[in-house]
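Single-structure report; data block below.
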Amino acid sequence: MTAVAVQHGAPRQQHNLHRSNPSPNLNTPSGQQPQPQNHTLATAPNPQQLPHPGPAMNGMNGTLGTMNSRHTVSNDPIQPANGVEAGSAYAPVNLDRSNGTSQNGSSTRPTTSAGATAESSQDDSEPDRIRRRPAALLQRSKSDYGPRGDDTNVDMEEDIQDWGERHGFGTNYASEEYVSQLANNWYMYFTDKRHETTGNPKSLGYELQDWRMKDRLKTVSAALAICLNIGVEPPDQLKTTPGAKLEAWQDPSHPPVQKALETIGKSLQAQYETLAIRTRYKQYLDPSVEETKKFCISLRRNAKEERVLFHYNGHGVPKPTSSGEIWVFNKNYTQYIPVSLYDLQTWLQAPTFFVWDCSDSGNILNNFHRFVDKHEQEELENSKKDPNYVVTNYKPYIHLAACGIKENLPTNPLLPADVFTACLTTPIEMALWFFVLQNPLPSQVSPERAKKLPGRLQERRTPLGELNWIFTAITDTIAWTTLPRPLFRKFFRQDLMVAALFRNFLLAQRIMSAYGCHPQSYPQLPDTHQHSLWESWDLAVEMALAQLPSLEMKESGQLPDYEFQNSSFFTEQLTAFEVYLTQGAVTHKAPDQLPVVLQVLLSQQHRVRALILLGKFLDMGPWAVNLALSIGIFPYVLKLLQSAAAELKPVMVFIWTRVLAVDLTCQQDLLKDSGYNYFSSILKPNEGLPVVDSLEHKAMCAFILAMLCNGYKQGQNVCNQTDIMTYCLTHLQNADNPLLRQWACLCISQLWNDLPEAKWRGIRENAPAKLSGLVRDVCCEVRAAMLYAMTTFLGIPDLTDEVARNEESISWTVIELANDGNAMVRKELLVYFSKFIHRYESKFWVVAFEQLQEEREYRQSPPLDDGNDHKMGLHYARMDNRNKDGTIKATAQGLSHNSIFAVVWKHVLIMAIDPHPEVQRNATIIVDALHLSLLRSPVGAAARKLFDDISRISAKPKASKSHTSKTRPSTPTRQDTLSSTQSSQQGLLKRTASYLFTLPFGGSTGEVTPPDSTGRSGLKSPGLNRNSLPARSRLPPDFNSPPEQNDIASTPGT
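Numbered per the numbering used here, the sequence shown spans residues 642 to 1695.
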């Protein structure tokens, strides 16, 4: 419980919540008043704070609420009635906070509140005033839904003289102003999840994003069309002298000139192979129009439905025309031949990826969509003419163009001629080259020398590899922060080739914008050349180039012991992410460093820190998990399941728990490469973890494995072949961590749910008996989880005698939970009863039929006040069917006499008047369902006759009731003075008399409990109402009328 002090304007005084009730205390014989119990926080222990204090069936963050469909009864909250909040176990007490006076008219403040001694009134000087501990402000020992007795017995209160302020507020808070506010605004309430939801799963409150790429395309083939015609200048392009001449980092004028084109083609293919080695590349050097058509058609035929790449270098041909036509050659290379985009689309179809490295390439993008629309219109007309016509797809397509309309490629002699291609295929070399050219400080490092930075791109520990790693993280982050999420996933997480080209395209935007060109793309990407992270990139490049002289000396042997100093980029970004987690994550704003964190996971040096920070981020809620999944975290954490590093196990368990709590579709991925073994090995009782709260992590492992089995038959079969059930059964005996016991139960429940093989294994391992040991567990979530496991155990298809004995034994064990003080447990017990009744429906027909017979006998022959009623046990018989000692004669005992089925049915009837409205509703549903089933059974006619008899008998005294006063007497009436006419209205169970006869076959009654019987007061019985329509759909006419008597529902002998 939590004590909260809140200021609401003017100071207010406390109110006495104990209301006076003139009715007798019906819980004690002879109207004796019980000793009051003071429920104050001074003596109440604080409930154990669990990492996830939610209800057992609600799972983590409400995940397990969808585990299993329930039978007959659901735990959905009911609608509020009379101002009572749905899902609350108690009705709100009557607090009139407007006038500041208590119900007895006094305005005294209870001495339990801080600062109560500040006001000395004349009340303290009254001679008859006894200084005593007042009654608790919150009293939950009796239900707020029924009449409450007046706890005015002061004997116990006089014994308590040495109490003090709650929680030591008097010593910890010395501020008079604060203590005054605390004294005048003192509210207490329950804040645990079970108190707020009563086991009902909360609404998700979020929408899971579709982060998996279902229509994932791969670029399987690529055509590299290089139109250079070395030695011949195109007529519309003016070449400067000197001018840019490097093509694919090769000099065409370098001898042998005859092989220059071939060398350039091989170099360009090698550059593309660093992006995607599995793609099939084909060079087409100075192609003719016939050759162009041929290789385009062949390219589509070999790729089938996959994506193809078409790279066009038009540096040796005229610019694209205003209508978008590109140029190739004739066979004799005497003419330039235009190729229309319409023909090119016909040959290549879709999906396609175009790279245009030529001046005025914006003309191509400007006209391409127009021809695609023309193609689609023709396809639509053809399909209308011929229903069997095979439609050709011309979408989707992607374009990357070097410049816009009326823009020429840079001719700076310090740059390569194909600077756009260099940015796309060799980004690190081009970035180093560009940095040296743009460096305003004098340096001895030339662009050619910087381009030869030692290392390999694939090795992150080398200088070149580290720069490539940083470049990937920075470009991913730039795209993550500027692009819409769907566009980011489509281009940066779909295909290896597409992701690499688009990352490098961001570099092309930055470099070419410095030379007056504006690269174009479709779909269009925003301009990012001024993004702030480019400064971080420049810093990383500068730190690497600063070490270049030393690295060169190391290679030459002059400094053999020199060690490359790694960049601090990733360390700084992790620190920025940590600052975000501690200070900036107030709103659901995506952190800019998230793509960097994912790149850091590739490094063993920073991996543990990155995983810990990632776990903290995922712990912020489902929105954080959605963000992490959408950016591509899942392949990383899935791959790390193959790691044997002990230091990663705790944080990996934590991360997978958060992922599975939000997205259950990861079940199949856990089976790949036996990833579930990672968690089953941690679940072993003797397995240790390098953390303090290892038991909590074992509970998380149980949750993960429960999610793996949840509605996934293949996962259940795989887990059943391991020792997971044995581990969970062992953890049931763990007394240190309630969360572990709870999820061990739930893991078992999901493992054998609708899986007979697992249930038989549970019988062999004595699982029901071990679960039964949790019936009196101190934690209500554990008790509810145990009930859930027992419920899923029911239902083995082969109902043998052994199975029946086990299920009946379970029912005998859990029956005591009908008196559990937690409404969540009682609701879960009703779910168990519902499935048990559904499984043995024919036997419960007999039980319900005999109960109706006993009800009729009870009304016809009310019991005498001989003190032997309790000896009849669960049942009732008239005097001539009893022995002298009060027990029922053997000849009068029914088929269900003292059976588990009779016990379950009696408890369901009693729970139909449970003080908690949801428990009452669920029990009512069960009773109504079985009674309707009974009426459709072979004994339905006899059962209907019993209903009619009970209704007729109960309707007889209604005329005399009209003369009774409708107000409660101020003085309690002793139960032994009730007249014989009143006892003729008595019924065995309040549920039978009040709710049963609202069905269309009976009436109702206002019965009273027999003399000397005790029980819980129930709702007033609806009046007699015969109608052809079910009475559940309407309110009885006297539903809102005040009760006429103090009705008590009780079962003799229980």
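All residues carry an ideal CB built from backbone N, CA and C; glycine is no exception.
Classify residue i as helix, strand or coil using the three-state DSSP reduction.
| i | result |
| --- | --- |
| residue 1115 | helix |
| residue 1046 | coil |
| residue 871 | coil |
| residue 1696 | As shown, the chain starts at 642 and ends at 1695. That puts residue 1696 outside it, with no answer to give. |
| residue 895 | coil |
| residue 1292 | helix |
| residue 1446 | helix |
| residue 1502 | coil |
| residue 998 | strand |
| residue 583 | Past the edges of the chain, shown from 642 to 1695, lies residue 583, and the structure says nothing about it. |
| residue 832 | coil |
| residue 978 | strand |
| residue 1038 | strand |
| residue 1363 | coil |
| residue 929 | strand |
| residue 952 | strand |
| residue 1005 | helix |
Taking a contact to mean a Cβ-Cβ separation below 9 Å, would you say residue i touches residue j in this structure?
| i | j | result |
| --- | --- | --- |
| residue 1154 | residue 1172 | no |
| residue 1071 | residue 1058 | no |
| residue 1091 | residue 1065 | no |
| residue 1180 | residue 1077 | no |
| residue 847 | residue 1038 | no |
| residue 1300 | residue 1249 | no |
| residue 967 | residue 985 | yes |
| residue 1358 | residue 1471 | no |
| residue 1374 | residue 1414 | yes |
| residue 1242 | residue 1252 | yes |
| residue 1049 | residue 878 | yes |
What residue range does the beta strand (DSSP E) around residue i cover?
| i | result |
| --- | --- |
| residue 1263 | Unbroken run through residue 1263 is the alpha helix (DSSP H), 1263-1272; no beta strand (DSSP E). |
| residue 922 | 921-926 |
| residue 967 | 967-970 |
| residue 1210 | Run containing residue 1210: none in the beta strand (DSSP E); it sits in the alpha helix (DSSP H), 1210-1220. |
What first and last residue would you give for the alpha helix (DSSP H) that runs through residue i?
| i | result |
| --- | --- |
| residue 1419 | Where residue 1419 is concerned, there is no enclosing alpha helix (DSSP H), given that its DSSP letter is neither H nor E. |
| residue 1277 | 1275-1280 |
| residue 1384 | 1379-1393 |
| residue 1397 | 1397-1405 |
| residue 1548 | 1541-1552 |
| residue 1238 | 1235-1241 |
| residue 1458 | Here residue 1458 belongs to no alpha helix (DSSP H), and DSSP marks it neither H nor E. |
| residue 1376 | No alpha helix (DSSP H) contains residue 1376, which DSSP labels as neither H nor E. |
Buried or exposed: residue i, going by 16 or more other Cβ atoms within 10 Å of its Cβ?
| i | result |
| --- | --- |
| residue 1203 | exposed |
| residue 1105 | buried |
| residue 1524 | exposed |
| residue 1594 | buried |
| residue 1161 | buried |
| residue 832 | exposed |
| residue 844 | exposed |
| residue 1329 | exposed |
| residue 1107 | buried |
| residue 740 | Bear in mind that the predicted position of residue 740 carries a pLDDT of just 38, short of 50, making it unreliable; the figure below should be weighed with that in mind. Its Cβ having fewer than 16 others within 10 Å, residue 740 is exposed. |
| residue 1521 | exposed |
| residue 1085 | exposed |
| residue 1149 | buried |
| residue 1384 | buried |
| residue 1536 | exposed |
| residue 1539 | exposed |
| residue 881 | exposed |
Please confirm whether residue i has its beta-carbon closer than 9 Å to some beta-carbon of chain D.
| i | result |
| --- | --- |
| residue 1230 | This model lacks chain D altogether; it includes just one protein chain. |
Does the ligand HEM have even one heavy atom less than 8 Å from the beta-carbon of residue i?
| i | result |
| --- | --- |
| residue 1014 | Ligands displayed in this structure: none; no statement on the ligand HEM is therefore possible. |
- Task: Quick one: which unbroken beta strand (DSSP E) runs of 3-plus residues sit fully inside the region 1144-1207? Chain order, please.
- Result: Counting whole runs of 3 or more residues, the region 1144-1207 contains the beta strand (DSSP E) stretches 1161-1163.
- Message: Quick check for students: name the residue ranges of the beta strand (DSSP E) that lie wholly in the region 1059-1129, counting only runs of 3 or more.
- Response: none
- Query: In the region 834-890, which residue ranges form an unbroken alpha helix (DSSP H) of at least 4 residues, counting only runs that do not cross its ends?
  - Reply: 834-838
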